[in-house]
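Chains as they are written, first to last, in this note's numbering: chain H, 2 to 252; chain S, 34 to 288; chain G, 44 to 323.
Every residue, glycine too, gets a C-beta built ideally from N, C-alpha and C.
Computed from a predicted structure; not experimentally measured.
Scroll down for the structure; my scribbles are underneath it.
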């Protein structure tokens, strides 16, 4: 419960962004990243930034969770400003670089708060399925991404449990000096690895007992229709691509 | 000749055979090792389901026929909401979306979990977690369900409800094996197996096993309260046979 | 040591859609040594009471007094001295295990408390003997034990540093009848000979009826009532909360309902003698 702010955690609340089709969300995310990498136009970046903020408010996740990542990375943003000043890059370009970084990180957080790991796997499998003709081991890639997405919140909950257990025996991480803190971090490194290995093995066994088989056909319970808001959001994202193409003068 | 549902053999001292649908309780001090063998963790012993031996090739079908609910996995959930967790097994079987929706709403009403279907399973109490696990194992309709120490996590009202659900499940042809340390749960089932140091000591109807009080006391298992009360009253010559209902027992004592 | 809860409330994830109240204005006071039980269904806030006494979490409102320590959200100085006097056994024993052998696990409790223990010769195998396990368990991996042995090792981990307050969270799940009688004898020994305060958080009314002196009944997030053993003889309250009526009480109430007289007994043997005297 305390680890809700981490990357990869799913925040179980019902909102507009939560109900979007996960394939559409993934395509929007890819459009956002590709456009932002390719362009330096100020207007496109500001438009993308405002769109991200609107999605943040529509996702009903408390805003202070998003603000915590911003606060955590504040030094990196300041370093970028100083480097740009040192290299004599002009002001609009600096602003564009910072906006790009903030937008990508916050969009990633929106995606991870509103999409559960099983929906993400479904979206990745369906998006990569046109590439089946390449005979890549798609199932194995999907399983590996699945494990990574679940591994990080599990690591945090295991760490909280171990710290609680150590506290009740006399070594409290939050109430000691810095030397003991280093000692505790070194000591629980090995235990954390073993506990998490056990837990991941139990999760694998649990899914095996519920008849999970990567090679067989699976249906999907969550309704994945395309609704009104899906069309709204994908129009906004397609507008960005169209304006980028127009600016580059290809069309 | 009827087919046997499950035949389990570890060596000549430890084997049992299930031939008709019933609830079996396994008591004793080797519960952990029996469970490891049934889970096919170290591949010792022989397991026959419907008289076909289980090996690495037909292992998937073994898990379709036999469903396990373990104490260590009570806090481990695969889905992000309760309905995802319950639907996981049905999705693996390839059942269509509308059918899954119907089955979940019907079964959740029986188990009284309708208002918790959209919650995060890690935030529920231990009683509801145990109910979710039992429901997600029963919903794929296996032939045999194996429980380990789960029924002692339930509250009293849900414990009585689960007893009725299990009795209905038996009538439809399923078997339930309850591996536990709480001897009061032996009264649910019609057959009890007592195992000590990987040897079967007793394997008989529950009523007959409960007459061997010296053996059960020596193994540390003891007797349920109502059986012990009946035994003492018979020893003191106040009643002449076993009564399971307190009202009739009291009438008989003071007649 | 005295324990006092003064209108304590605990809310997790406040001001978010996932807000949940665990305790709502709970107050009680424990002054003398003895065995106290908190009975209630699951999700009624029992584990939170144990964690608040051990200062693993802090309350949103109200104060918790343990001896001369106060837990109300501010930083507690010398928190290790508090944890040395109040030991908390987790409900799931596998959550408590961090080391690779049982011997290191038990001695971990002795190593980190800087304050000197009175009896330095109390070793790991003595702690295991108190709970009924022998020396062969000292070299096993605690995560690979079965539930019965794991629960006993968890209790031994707390007994090693001799706290004055012992909090047990659901101690009877997974135990045999013989283990339950051994645990009852151990708790009574700790209370009578060593003068400790023992708090049991459980929903097993049979075990608590035999063992403890004073009861607090909890439902949803509050303490409904409290009293001594006469409280558990009232079937209506227990059924309203959702707890099981103890077997002896059910039998005694049935006897009295049919018009015969019977005293109150705790043991089954005394009950049989009483029934024999009355029926002949």
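According to the Cβ coordinates, are residue i and residue j closer than 7 Å?
i, j, result
"residue 264 of chain G", "residue 88 of chain G", "yes"
"residue 222 of chain G", "residue 244 of chain G", "no"
"residue 317 of chain G", "residue 306 of chain G", "yes"
"residue 41 of chain S", "residue 102 of chain S", "no"
"residue 92 of chain G", "residue 256 of chain G", "no"
"residue 60 of chain S", "residue 254 of chain S", "yes"
"residue 252 of chain S", "residue 229 of chain S", "yes"
"residue 80 of chain G", "residue 206 of chain G", "no"
"residue 167 of chain H", "residue 93 of chain H", "no"
"residue 95 of chain H", "residue 60 of chain H", "no"
"residue 98 of chain S", "residue 87 of chain S", "no"
"residue 232 of chain G", "residue 239 of chain G", "no"
What's the call for residue i, buried or exposed, on a 16-neighbour Cβ count within 10 Å?
i, result
"residue 74 of chain G", "exposed"
"residue 3 of chain H", "Caution is warranted here: a pLDDT of 42 is assigned to residue 3 of chain H, below 50, making its placement in the model unreliable, and no coordinate value can be reported."
"residue 244 of chain S", "exposed"
"residue 218 of chain S", "buried"
"residue 254 of chain H", "Residue 254 of chain H falls outside the range modelled here, since chain H spans only 2 to 252, and no answer is possible."
"residue 148 of chain G", "buried"
"residue 104 of chain S", "buried"
"residue 191 of chain S", "buried"
"residue 196 of chain H", "buried"
"residue 191 of chain G", "buried"
"residue 129 of chain S", "exposed"
"residue 299 of chain G", "exposed"
"residue 67 of chain S", "buried"
"residue 277 of chain S", "exposed"
"residue 270 of chain S", "exposed"
"residue 219 of chain G", "buried"
"residue 246 of chain G", "buried"
"residue 188 of chain S", "buried"
Could you tell me the distance, in whole angstroms, from the CA atom of residue i to the CA atom of residue j?
i, j, result
"residue 5 of chain H", "residue 30 of chain H", "Residue confidence for residue 5 of chain H is low, a pLDDT of 48 falling below 50, so the modelled location carries little weight and cannot support an answer."
"residue 116 of chain S", "residue 205 of chain S", "25 Å"
"residue 195 of chain G", "residue 146 of chain G", "13 Å"
"residue 238 of chain H", "residue 108 of chain H", "13 Å"
"residue 188 of chain G", "residue 208 of chain S", "28 Å"
"residue 113 of chain S", "residue 157 of chain S", "13 Å"
"residue 207 of chain H", "residue 256 of chain S", "34 Å"
"residue 98 of chain G", "residue 173 of chain G", "27 Å"
"residue 186 of chain G", "residue 132 of chain G", "16 Å"
"residue 45 of chain S", "residue 77 of chain S", "13 Å"
"residue 138 of chain S", "residue 154 of chain S", "17 Å"
"residue 309 of chain G", "residue 53 of chain G", "36 Å"
"residue 104 of chain G", "residue 60 of chain G", "20 Å"
"residue 238 of chain S", "residue 225 of chain S", "6 Å"
"residue 64 of chain G", "residue 183 of chain S", "27 Å"
"residue 214 of chain S", "residue 90 of chain S", "34 Å"
"residue 326 of chain G", "residue 147 of chain H", "With chain G covering only 44 through 323, there is no way to say anything about residue 326 of chain G."
"residue 35 of chain H", "residue 101 of chain H", "11 Å"
"residue 291 of chain G", "residue 198 of chain S", "27 Å"
"residue 181 of chain G", "residue 162 of chain S", "33 Å"
"residue 48 of chain G", "residue 118 of chain G", "18 Å"
"residue 198 of chain G", "residue 136 of chain G", "9 Å"
"residue 221 of chain H", "residue 48 of chain H", "35 Å"
"residue 141 of chain H", "residue 217 of chain H", "13 Å"
"residue 210 of chain S", "residue 43 of chain S", "17 Å"
Between residue i and residue j, which are expected to be in contact by the criterion C-beta below 8 Å, what is the C-beta distance as a whole number of angstroms?
i, j, result
"residue 123 of chain S", "residue 172 of chain S", "6 Å"
"residue 119 of chain S", "residue 165 of chain S", "7 Å"
"residue 192 of chain H", "residue 141 of chain G", "5 Å"
- [ ] Using a Cβ-Cβ cut-off of less than 7 Å, list which residues of the stretch 83 to 110 of chain G approach chain H; keep chain order.
- [x] 97 and 99
- [ ] Anything in the stretch 306 to 322 of chain G with a Cβ closer than 7 Å to a Cβ of chain S? List those residues in chain order, please.
- [x] 311, 315, 318, 319 and 322
Open item on the list: Tell me which residues of the stretch 74 to 89 of chain H have at least one Cβ-Cβ distance to chain G shorter than 8 Å, keeping chain order.
Closed with: none
Task: Chain-ordered residues of the stretch 112 to 136 of chain S with a beta carbon less than 8 Å from chain H - done: 112, 113, 114, 116, 117, 120, 121, 122, 123, 124, 125, 126, 127, 128, 129, 130, 133 and 134
- [ ] Return the residues of the stretch 144 to 177 of chain H that lie within a Cβ-Cβ distance of less than 7 Å from chain G, sorted by chain order.
- [x] 162, 163, 165, 166, 167, 168, 169, 170, 171, 172, 173 and 176
Task: Residues in the stretch 217 to 233 of chain G having any Cβ partner in chain S nearer than 9 Å - done: 217, 218, 219, 220, 221, 222, 223 and 224
Task: Positions along the stretch 71 to 96 of chain S whose CB lies within less than 8 Å of some CB in chain H - done: 93 and 96
Open item on the list: Output needed in chain order: residues of the stretch 188 to 208 of chain H with a Cβ under 7 Å from some Cβ in chain G.
Closed with: 192 and 199
Open item on the list: So if I threshold CB-CB distances at 9 Å, which residues from the stretch 34 to 45 of chain H count as touching chain S?
Closed with: none
Open item on the list: Can you pull out the residues from the stretch 263 to 274 of chain S whose beta carbon lies closer than 8 Å to at least one beta carbon of chain G?
Closed with: 265, 266, 269 and 271
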